[in-house]
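Here is the structure we will look at, set down as structure tokens.
2 protein chains.
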Amino acid sequence: MIPSSIENSEIYPIANPGSIAFFGASNNLAAMGTTVLGCICAMGYAGKIYPVHPKDREIKGFQAFQRVSDLPEIPDLAYIVLPTPVVVETLEACGQLGIRHAVIVSAGFNEVGGQGKQLQSELTAVAEKYGIRFLGPNCIGVINTHLNLNATFLPYEAGRGYIGMASQSGSFITQMSPHMSRLGMGFSTGFSIGNEANVDIVDCMAYLGACPNTRVIALYIESIRRGRAFIDTARAIVPKKPIVAFYVGGSDEGRRAGFSHTGALAGPDPLYNGVFRQSGVIRASSIEELFDFCYVLGASPPIQGNRVIVQTHSGGPGAAAADACGRNGLHLPALTAATLERLKPHVPHTASVANPVDLTFTKTPLDFFQTIPQILTADENADALLIYFLATSRMIQVVLEALGVSDDMSGDKAEEIIIQQADAIAALGEQIKKPIVGFSFLARKESSLIRALQDRGIPVLPSPERGARALAALVKYKNLREKLTQG
Amino acid sequence: MIPSSIENSEIYPIANPGSIAFFGASNNLAAMGTTVLGCICAMGYAGKIYPVHPKDREIKGFQAFQRVSDLPEIPDLAYIVLPTPVVVETLEACGQLGIRHAVIVSAGFNEVGGQGKQLQSELTAVAEKYGIRFLGPNCIGVINTHLNLNATFLPYEAGRGYIGMASQSGSFITQMSPHMSRLGMGFSTGFSIGNEANVDIVDCMAYLGACPNTRVIALYIESIRRGRAFIDTARAIVPKKPIVAFYVGGSDEGRRAGFSHTGALAGPDPLYNGVFRQSGVIRASSIEELFDFCYVLGASPPIQGNRVIVQTHSGGPGAAAADACGRNGLHLPALTAATLERLKPHVPHTASVANPVDLTFTKTPLDFFQTIPQILTADENADALLIYFLATSRMIQVVLEALGVSDDMSGDKAEEIIIQQADAIAALGEQIKKPIVGFSFLARKESSLIRALQDRGIPVLPSPERGARALAALVKYKNLREKLTQG
């Protein structure tokens, strides 16, 4: 049920259109369709765009066509952002021309009940008649960063990434890019699936399972309609890549909210926990955790066990990391005698070489990023390293100036040192094939060290607890994958 | 045990020195004492500083003195950042001159065991002989933002705030200012208490209880030595201001880490939970949560119950907020008939007026910030409002341009609208005396709306879950305070 290659996916043209017939954009700047077309242009999509409009002849520089039947070719995809009453006839016209894929952003269907339900039935009947696969209605569209395609109504502000997402809320496709960019992560592809009248979360998950740009799959779920297909599809994917789900329907409050949002009927936590367990899907407890888990799962090599070494030069953050590890099922082994022997020449007398390894400071700054993590990750009991980062460019600069480097040189020199440090950790990560997860109270935009680390594939989270929980997700994935491949 | 006024606190001069004798700064820029003195100068402390140094005659522009006995007056405070072996004799000399307060940053005492323990005993004996109260040793010093005093070795980057903190880790006093500044909060006073040889966490808590700049007290705890005094002092404070504690010694891993950090022996979770319950102290489960709770507790009027209305224009974030409320003991009441009637003219037909109130959009943008929250918070079943913020300056600008406002005007006009919106919510908050807590995936530095709200006293957290948990902390504080004042 996962396509053998992504091109064979039935929904491939929805995420990878070479050409789009666009319905709903005009020279009225306040129309939602105009905003979506603006977003598509802003990100630099290189495919062909054919606006269809009864009156306007040119829209945002594109030649517009009065009727679908006027189009010079059969586009891969119809993008429909029209008032509810004309959606069915528009899909019909697309089908007649031979268009076989659509995204229907328009709302006013099942989610409003009554007449809307009738309209949605008509929509699915038209799709069936022509063999059309469509996303929506009542969705916010699709993002494929690797195609520079952002067909939503908000700008996409993060970079190209490895997280493939299918979401029962459009907000989590369109509104999370500032959050993602703060950790240096991004979407590969994001689907807002809306009412799932035709393409559903299972279809999107299968597509993302085959997508070569997607290393990890994120799901936002208010309810699962095809339970059996969900489980089977997930089980086929999980041996190859992890799936993380954030499910909000399990509490009374979440269930009621989901019902008024998409009209879907959710089930209690134990039921969904059972589905996730059978599926091999990791459950996240918040939207923040969903992205944290995906971020670290996509960045890290497989973990072999739950034994973590914590490296720090500050006692409190080290103790908080140790405590968070303990509370999340991770174990902090004592260092072996061999490791202690190898560490000795590199640590000051004030250091504690228990685990956490609290260096207090390091004689040579690069030691913290090279020699010491090298020794610690080589320990036979270490499955992963959780490491605290503090140093800022400004702090290094002050030390350099104290050592006699002139004011006008120290800034550049500090940046140079930071790149060396980040390179050292990244090279170690490549070499040892054990996860290295960082945490820091400094943000990417405040610290060139954090940015350099993240850009080199070392995930750095904003607190010890979030780092520890993400490491625990790696262990969870190891166990789920093993169960599925052995079972 | 709480001083009747802050000036009567025995440790008042430690946080409010008019003059400081400084030991350990020199013209050697790499010395830690020099860095601390640099931080004191950088923040603009206006009191007198007397560096004491055997050779240097001028340090950072201050006249330096060879011996303590050479000082022209008896300073309020001795600040000691010297090598371990000379600390005891330095405190003795200070005592002889008549100095009665000290901060001892130097390490190498109880925390290293052996000879260090002996040295710490000598230190406390000298203090007893002269009636000296001192913070430390093995601490990172004190910050009093309202005095522009940052006597640590890292710059303080947040603003003046209302969080008073006493911490058994110096890192959480010195390294959290970027984190705090990201939410627009800051310390009133922060104490790094180190080995607690003389002044301990109970003394600092009592001081903060009396401090008029402190609205909420944050504690980082690896162990409590004076259990009875802790409970009694906390119980005297909690009716007046909330106390939040982050305790890491409860897990095996946290306990071991704390032991190697400060040599303190922690107790299991149930024991400490009992202490916190008796004390009326709210326990935070992470350092992030400690600051979140303090942020919202300090910003909000007292909550009257656990009934929350969620206001959003995006379904997913609304559902996530509802779910998080449910999981944290908060209740989402249905709107009364009167509220529904009052809402009707202001909401579009696509809106859901269940709770969450999902507006999808608002006809008049200011409605989201004024009329609608006014109606919702006036509902007789509403104890608090949890509200989602999305709009960016850029989005408002696009709408304005669509409405015909010229490009060169739209930026300023958008900022003007944002200020109006933030003013409207802040005015409502003042008027209704019910907590209004915001959440947004946009950060303060990315969005002038978020900054404007936070600067007007409306707390905005970075996710629905963190917003919900902070609201639950308000309810917890209400219950704890009632129990203490009734008992």
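The listed protein sequences derive, respectively, from chains L and S. Counting from 1, position 427 in the first sequence corresponds to residue 427 in full-length UniProt numbering; the numbering is continuous, with no gaps. Counting from 1, position 388 in the second sequence corresponds to residue 388 in full-length UniProt numbering; the numbering is continuous, with no gaps. We put the CB at the ideal spot given by N, CA and C, even for glycine.
Please look up how many angstroms separate the CB atoms of Y220 (chain L) and F291 (chain L), rounded, as I've assumed it's under 8 Å.
The count along the first sequence starts at 1 and reaches residue 220 (chain L) at position 220. The count along the first sequence starts at 1 and reaches residue 291 (chain L) at position 291. About 11 Å separates the two Cβ atoms, so there is no contact after all.
For G47 (chain L), which residues of its own chain have a beta-carbon under 7 Å away from its beta-carbon, when the five flanking residues on both sides are left out?
Against the first sequence, residue 47 (chain L) aligns to sequence position 47. Result list for G47 (chain L): P17, G18, S19, I20, in chain order.
Assigned secondary structure, E253 (chain L) (DSSP; H/G/I helix, E/B strand, else coil)
Indexing the first sequence from 1 puts residue 253 (chain L) at position 253. E253 (chain L): helix per DSSP, three-state reduction.
Jot down the residue ranges of each uninterrupted beta strand (DSSP E) in the region 376-447 of chain S, minimum 3 residues, whole runs only, in chain order.
You should have 384-388, 436-439.
Status (buried if at least 16 other CB within 10 Å, exposed otherwise) for D70 (chain L)
Your numbering for residue 70 (chain L) matches position 70 in the first sequence. D70 (chain L) is classed as exposed because its beta carbon has fewer than 16 other beta carbons within 10 Å across all chains shown.
Check whether the region 268-283 of chain S touches the region 338-348 of chain L, taking contact to mean three or more Cβ pairs, one atom from each stretch, closer than 8 Å.
The region 268-283 of chain S makes no contact with the region 338-348 of chain L, as fewer than three CB pairs between them are under 8 Å.
For V248 (chain L) and R226 (chain L), believed in contact at Cβ under 8 Å, the rounded distance
As a working note, residue 226 (chain L) is residue 226 in the first sequence. As a working note, residue 248 (chain L) is residue 248 in the first sequence. About 19 Å; that fails the 8 Å criterion.
Residues of chain S with a CB under 7 Å from the CB of P356 (chain L): which are they?
Position 356 of the first sequence, counted from the start, is the residue given in the question as residue 356 (chain L). Ordered by position in chain S, the residues that pass the 7 Å Cβ test against P356 (chain L) are A257.
Starting from the C-beta of K241 (chain L), find all residues in its chain whose C-beta is less than 8 Å away, skip the five residues before and the five after it, and write them out in chain order.
Here residue 241 (chain L) corresponds to residue number 241 of the first sequence, with the count starting at 1. Take K241 (chain L), set aside five residues on each side of it, and the residues of its chain with a beta-carbon closer than 8 Å to its own are G209, T214, R215, V216, I217, in chain order.
So which residues of chain L does H179 (chain S) contact, with C-beta pairs closer than 7 Å?
By one-based count along the second sequence, residue 179 (chain S) stands at place 179. Result: F441.
Residues bridged to M32 (chain L) by DSSP?
Start at 1 with the first residue of the first sequence, and residue 32 (chain L) comes out as number 32. BP columns for M32 (chain L) are empty, so no partner.
Taking the continuous beta strand (DSSP E) assigned at P51 (chain L), which residues delimit it?
Residue 51 (chain L) sits at position 51 when you count from the first residue of the first sequence. Run containing P51 (chain L): 48-52, per the beta strand (DSSP E) assignment.
Listed by chain order, chain L residues near I287 (chain S) by CB distance under 9 Å
Position 287 of the second sequence holds residue 287 (chain S). Ordered by position in chain L, the residues that pass the 9 Å Cβ test against I287 (chain S) are G316, P317, A320, F441, S463, P464, E465.
If we ignore side chains and look at the alpha-carbon of each, how far apart do R451 (chain L) and F389 (chain L) end up?
Numbered from its first residue, the first sequence carries residue 451 (chain L) at position 451. Numbered from its first residue, the first sequence carries residue 389 (chain L) at position 389. About 12 Å.
Contacting positions in the region 175-204 of chain S - beta carbon closer than 8 Å to chain L:
Listed in sequence order: Q175, M176, P178, H179, R182.
Taking the alpha carbon of P155 (chain L) as the point to measure from, which residue in L:S286, L:I11, L:I40 has its own alpha carbon closest?
Position 155 of the first sequence holds residue 155 (chain L). It is L:I40.
Closer than 8 Å, Cβ to any Cβ of chain S: which residues of the region 389-414 of chain L, in chain order?
Per Cβ criterion, the list reads L390, R394, M395, V398, V399, E401, A402, L403.
Taking the straight line between their C-alpha atoms, what separation do you get for A299 (chain S) and K433 (chain L)?
To locate residue 299 (chain S), count along the second sequence from 1; it is residue 299. To locate residue 433 (chain L), count along the first sequence from 1; it is residue 433. Between the C-alpha atoms of A299 (chain S) and K433 (chain L) there is a straight-line separation of about 46 Å.
Pick out the complete beta strand (DSSP E) segments inside the region 169-218 of chain L, 3 residues or longer, and give them in chain order.
Runs of the beta strand (DSSP E) lying entirely within the region 169-218 of chain L, each at least 3 residues long, are 187-192 in chain order.
Sequence-distant residues of the same chain with beta carbon closer than 8 Å to S132 (chain S), five excluded per side:
Sequence index remark: in the second sequence, residue 132 (chain S) carries index 132 (1-based). According to the sequence displayed, residue 132 (chain S) carries Ile and not Ser. Closer than 8 Å at Cβ, skipping near neighbours: L91, C94, G95, I99, R100, H101, A102, V126, N198.
Along the region 224-247 of chain L, where does the CB come closer than 7 Å to a CB of chain S? Name the residues.
Residues are counted here when their Cβ sits less than 7 Å from a Cβ of chain S; for the region 224-247 of chain L the count is zero.
Which residues in chain L have a C-beta closer than 7 Å to the C-beta of Y220 (chain S)? List them in chain order.
As a first step, residue 220 (chain S) must be located in the second sequence, where it is residue number 220. Near Y220 (chain S) (Cβ distances below 7 Å), the residues of chain L are G316.
Which term fits residue 490 (chain S), buried or exposed, when burial requires 16 or more other beta carbons within 10 angstroms of its beta carbon?
The structure shown does not extend to residue 490 (chain S), since chain S is modelled only from 1 through 487, so no value can be given for it.
Rounded to whole angstroms, what is the Cα-Cα separation between A64 (chain L) and I396 (chain S)?
Taking the first residue of the first sequence as 1, we reach residue 64 (chain L) at position 64. Taking the first residue of the second sequence as 1, we reach residue 396 (chain S) at position 396. Between the alpha carbons of A64 (chain L) and I396 (chain S) lies a gap of roughly 28 Å.
Within 7 Å of chain S by C-beta, residues of the region 90-119 of chain L in sequence order
Within the region 90-119 of chain L, the qualifying residues are A107.
Mind checking whether the beta-carbon of A284 (chain L) lies closer than 6 Å to any heavy atom of the ligand GDP?
By its list of ligands, the structure shown contains no ligand whatsoever, and the ligand GDP lies outside what it can speak to.
Shorter than 7 Å from the beta carbon of L385 (chain S) to some beta carbon of chain L?
The count along the second sequence starts at 1 and reaches residue 385 (chain S) at position 385. No, L385 (chain S) lies away from the interface with chain L (no Cβ there is under 7 Å from its Cβ).
Three-state secondary structure (DSSP) at F293 (chain S)?
As a first step, residue 293 (chain S) is located in the second sequence; it is residue number 293 there, counting from the start. Here F293 (chain S) sits in helix by DSSP.
In chain S, which residues lie with their C-beta within 7 Å of the C-beta of residue 491 (chain L)?
Residue numbering for chain L in the displayed model covers 1 to 487; residue 491 (chain L) lies beyond these limits and cannot be assessed.
Note down, in chain order, every chain S residue with its Cβ under 8 Å from the Cβ of S446 (chain L).
To locate residue 446 (chain L), count along the first sequence from 1; it is residue 446. A small correction: the amino acid at residue 446 (chain L) is Glu; Ser does not occupy that position in the sequence shown. Simply P178.
Taking buried to mean at least 16 other C-beta atoms within 10 Å of its own C-beta, is P464 (chain L) buried or exposed?
The residue labelled residue 464 (chain L) in the question sits at position 464 within the first sequence. Result: buried.
Less than 7 Å between the C-beta atoms of L335 (chain L) and D379 (chain L), yes or no?
For the purposes of this step, residue 335 (chain L) is taken as the residue at position 335 of the first sequence. For the purposes of this step, residue 379 (chain L) is taken as the residue at position 379 of the first sequence. Remark: C-beta atoms of L335 (chain L) and D379 (chain L) approach each other more closely than 7 Å.
CB of T371 (chain S) within 7 Å of CB of H346 (chain S), strictly
Residue mapping note: residue 371 (chain S) aligns to position 371 of the second sequence, counting from 1. Residue mapping note: residue 346 (chain S) aligns to position 346 of the second sequence, counting from 1. Taking 7 Å as the cut-off, the beta carbon of T371 (chain S) is found closer than this to the beta carbon of H346 (chain S).
Straight-line CA distance for A234 (chain S) to D200 (chain S)?
By one-based count along the second sequence, residue 234 (chain S) stands at place 234. By one-based count along the second sequence, residue 200 (chain S) stands at place 200. Approximately 14 Å, taken between the alpha carbons.
Can you list the beta strand (DSSP E) stretches of 3 or more residues lying completely in the region 66-151 of chain S, in chain order?
Whole beta strand (DSSP E) segments, 3+ residues: 77-80, 101-104, 133-135, 141-144, 149-151.
Return yes when the Cβ of D383 (chain S) is within less than 7 Å of the Cβ of I303 (chain S), no when it is not.
Residue mapping note: residue 303 (chain S) aligns to position 303 of the second sequence, counting from 1. Residue mapping note: residue 383 (chain S) aligns to position 383 of the second sequence, counting from 1. Yes, they are a contact pair.
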